[in-house]
Each structure stands twice: as C-alpha cells, then as structure tokens.
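Residue 363 is where the sequence shown ends in our numbering, and the numbering goes up by one at each step. Worksheet: the structure to be examined is printed underneath.
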Amino acid sequence: MYNAKAYSASSPTSQLTSTTIPRRDPGERDVQIEILFCGVCHSDLHTVRDEWKDVMPAVYQCVPGHEIVGRVTSIGSAVTKVKVGDSVGVGCMVGADLTCPQCQKHMEQFCPNVTLTYNSPDKGAGPVTYGGYSDSIVVDEHFVLRVPENLDLAAAAPLLCAGITTYSPLRHWGVTKGKKVGVVGLGGLGHMGVKFAHALGAHTVVFSTSPNKRDDAFRLGADELVVSTDAAEMAKHAGSFDFILDCVSAEHDLNAYIHMLAIDGNLTMVGAPEKPLPLGIFGLLFGRKSVSGSMIGGIKETQEMLDFCGEHNITSDVEIIPIQKINEAYERMLKSDVKYRFSIDMASLKAE
C-alpha cells in the first residue's frame with residue numbers, strides 16, 4: 012500500500028480539495044501508471060454532487076475521473092500487455108468477473124460484477140475505488156489500454172469515455188460510407204460523434220438549436236447543420252436518416268428526430284436526461300424505426316477505437332486546466348462554457 016496525491020470531495024456540497032488516498036501495491040497482473048492527464052466528464056460532477064443517488068449513490072471521500080492517460084511506471088511479473096514507459100489509458104472500468112456471458116462477448120461494461128474506476132466497491136485499497144484526479148493508479152492489465160504514440164495525450168484523455176461512448180453505437184449500427192447520420196447536440200459527446208461519423212465516411216449532419224455553431228460543426232467534419240427549431244429546415248430532412256446519435260442530456264423532443272429517420276432507421280441515446288421523455292409509438296410503427304441506448308464499450312472495442320483514432324489522428328478538442336481550477340471547471344461545464352472537454356494537467360498536482 013502507498014499514498015497518492017489526489018483531489019476529492021467529502022460531501023455533495025463540498026468543493027474538491029487536495030488530499031491523499033491509498034493505492035494498492037502492484038500485484039503480478041497489475042500495471043502502475045503515472046497519470047499525466049485526466050478528462051473531466053459531466054458524470055464526475057453528477058457523482059460528486061450525488062445527483063444520481065437513486066441509482067448510484069456517492070460514497071465519500073469521492074475521487075472522480077475515468078478519462079485517464081499516463082505512462083507505465085511499473086508492471087507485475089505476469090503482465091504481457093504493456094511495458095514500462097508505454098503511453099496507456101484507463102477508462103470507466105477497472106474490474107469485472109471476466110467469466111460471465113457478457114465478458115465472454117467482450118462486453119465487460121455490462122458485467123453484473125463490473126468495478127467502476129471510481130465510487131465502486133474496491134477489493135484492493137478500499138473502501139471504494141478512487142479515480143483519475145490523482146497522480147497515479149494501479150490497474151489490472153486487462154483494463155489498461157494502449158494509446159497510440161502519435162496522439163496528443165491531453166487531447167486523447169476524453170477518448171476513454173466521450174470517445175468510446177460515441178464510437179460504440181456508430182459501429183454497432185453499421186455507420187459507414189453512404190450512410191446519412193445525424194448528431195443531436197454539439198457538446199463534449201456530440202463533437203466526438205461528428206468526428207467519428209465523418210471519419211467512417213458518413214454524410215454527417217449536426218442538429219443544433221444554435222445556428223452560430225455552423226462554422227464549428229463544419230470544422231469538426233459535419234457536412235450540414237440543421238437548426239432544430241426551424242420547422243422548414245427540419246422538414247427538408249424528414250425520413251432521410253439511417254442513424255441519429257442523440258447526445259443531449261436535457262429535456263427535448265425525441266419525436267422530432269424519430270420523424271427524421273428513414274425506414275429501419277435508428278435513434279440511439281447516449282445523453283441521459285434526468286426525466287423521462289415522451290415517445291410517440293406511431294412514429295416508430297410507420298417505418299419500422301427504433302430507439303435504443305448505449306453506454307461506453309468493452310475493452311476490445313475501446314482499444315479498437317483508440318487504434319482508429321491513431322489511424323485518423325482523432326482526438327478531443329480540449330481546454331487544459333490545472334487541478335486547482337477543477338471547481339471552477341465544474342461551474343463552467345454547467346454553463347456549457349468549454350469547447351469541448353476539460354483535460355486536467357496532473358503535473359499541477361505536484362505543487363500541492
């Protein structure tokens with residue numbers, strides 16, 4: 012056991028402050044990682060403020076962070092996947108039983124015994140897992156991912172959540188050249204959806220309430236931007252989309268986007284609105300359309316995504332911040348005052 016520097020919250024209303032946390036010593040299958048950058052996900056804020064208490068109640072002290080990139084500093088005797096000095100990442104999971112049907116299908120994210128990177132019961136240093144707002148972490152090699160050396164590490168960090176969250180449904184629903192794909196919302200998730208859909212060869216359309224995002228949408232790879240509040244613009248695209256990726260977590264009209272789908276088209280939700288959204292069933296019946304949900308991906312698919320990013324030089328658009336500005340970043344995130352993700356430079360933690 013050793014102590015690591017970190018930032019944690021001690022209650023739903025407290026600020027994140029400097030602290031130390033226990034980390035287990037590396038075992039024979041473990042990889043010890045010096046954390047260089049950690050992305051800031053909206054779910055970090057939800058967890059710290061216990062806003063998901065009915066589903067995933069927070070345990071304090073809470074150290075968030077599941078978009079982790081760094082360098083391997085030590086490996087156990089049985090580790091073969093990485094070596095000391097490698098650039099690696101850790102996403103939303105650090106454990107699973109690896110024996111259940113879901114794990115056998117490389118879908119560890121659906122394992123009934125999955126261990127999340129933070130705020131999950133911990134079999135190591137305990138009592139819960141502590142995330143990436145820290146200077147180091149120890150992880151079983153199965154959950155360590157190789158980061159292509161050509162990618163900027165600060166901008167690669169959000170790929171470990173925002174990246175795989177958008178990549179996985181695009182791949183699952185067969186997005187490729189010749190498909191017409193819509194992305195609802197141009198934020199932390201949406202901007203990654205645009206980059207991936209474009210790289211996969213799809214005709215990519217951004218739906219946004221804001222016409223002033225047009226230039227940015229085109230810069231990211233979109234072919235068109237449709238102002239979703241403009242009925243005439245929406246009508247031009249009715250019944251034409253093979254797939255729509257909905258990245259909005261606020262209340263909005265799903266039925267308007269179902270109307271955009273072609274026959275056998277699919278709308279996948281990756282945003283998580285707090286309240287149930289009304290769904291008109293007749294909109295699904297006429298056209299054999301479907302609505303589904305998706306969350307991250309398994310380890311194999313996440314590595315595939317990172318390799319794809321390496322081949323196409325895809326990273327997230329980030330604003331790099333020191334750890335000392337994390338509380339300010341949370342408030343700015345609530346105002347959508349970031350393009351498009353925060354990435355914490357963990358070198359700043361050494362000053363604590």
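Heads up, the beta-carbon is just placed ideally off N, CA and C, and yes, glycines get one too.
Using only CA atoms, which one of the options lies nearest to residue i?
| i | options | result |
| --- | --- | --- |
| Lys92 | Val302, Leu231 and Arg40 | Arg40 |
| Gly201 | Thr215, Lys190, Gly189 and Lys191 | Thr215 |
| Thr140 | Ala166, Val217, His117 and Ser19 | Ser19 |
| His323 | Asp257, Ala107, Cys52 and Ala208 | Ala208 |
| Asn223 | Lys247, Gly196 and His248 | Gly196 |
| Thr220 | Val194, Leu211, Leu164 and Gly212 | Val194 |
| Ala261 | Gly282, Ala243, Val66 and Met245 | Gly282 |
| Val302 | Thr128, Met280 and Tyr341 | Met280 |
| Cys103 | Ser327, Ser54 and Asp241 | Ser54 |
| Asp65 | Asp227, Thr128, Glu285 and Val192 | Glu285 |
| Thr177 | Thr30, Ser327, Phe154 and His117 | Ser327 |
| Tyr71 | Val259, Asn266 and Ser21 | Ser21 |
| Phe293 | Leu265, Gly309, Lys311 and Cys320 | Leu265 |
| Lys116 | Gly321, Ile310 and Arg343 | Ile310 |
| Met12 | Lys188, Glu160, Val149 and Asn161 | Val149 |
What residue does the beta strand (DSSP E) around residue i start on, and which one ends it?
| i | result |
| --- | --- |
| Glu45 | Asp41 to Val51 |
| His214 | His214 to Ser219 |
| Pro33 | Thr28 to Arg34 |
| Gly276 | Leu272 to Met280 |
| Met104 | Met104 to Gly106 |
For residue i, does the three-state DSSP call read helix, strand or coil?
| i | result |
| --- | --- |
| Asn14 | strand |
| Pro169 | helix |
| Asp55 | helix |
Would the beta-carbon of residue i fall within 9 Å of that of residue j?
| i | j | result |
| --- | --- | --- |
| Leu27 | Ile337 | yes |
| Pro180 | Ser305 | yes |
| Thr58 | Pro75 | yes |
| Glu78 | Arg299 | no |
| Trp184 | Phe229 | no |
| Ile307 | Leu290 | no |
| Gly370 | Leu156 | As displayed, the chain neither begins before 12 nor continues past 363, which places residue 370 out of reach and without an answer. |
| Ala362 | Val51 | no |
| Cys49 | Gly142 | yes |
Between residue i and the rest of its own chain, which residues show a CB-CB distance below 7 Å, the 5 nearest in sequence each way excluded?
| i | result |
| --- | --- |
| Ser131 | Val139 and Thr140 |
Quick one: what's got a C-beta closer than 6 Å to residue i's C-beta in the same chain, skipping five residues either side?
| i | result |
| --- | --- |
| Ala15 | Ile32, Arg34, Ser145, Asp146 and Ser147 |
| Gly250 | Ala273 |
| Gly106 | Thr126 |
| Ala167 | Val80, Val158 and Thr326 |
Go to residue i, then tell me how far its alpha helix (DSSP H) extends in each direction, as first and last residue.
| i | result |
| --- | --- |
| His209 | Gly201 to Ala210 |
| Arg230 | Arg225 to Leu231 |
| Asp348 | Asp348 -> no alpha helix (DSSP H), and no H or E assigned at all. |
| Asp97 | No alpha helix (DSSP H) contains Asp97, which DSSP labels as neither H nor E. |
| His245 | Here residue 245 turns out to be Met, not His, going by the sequence shown. Met245 -> alpha helix (DSSP H) spans Ala242 to Lys247. |
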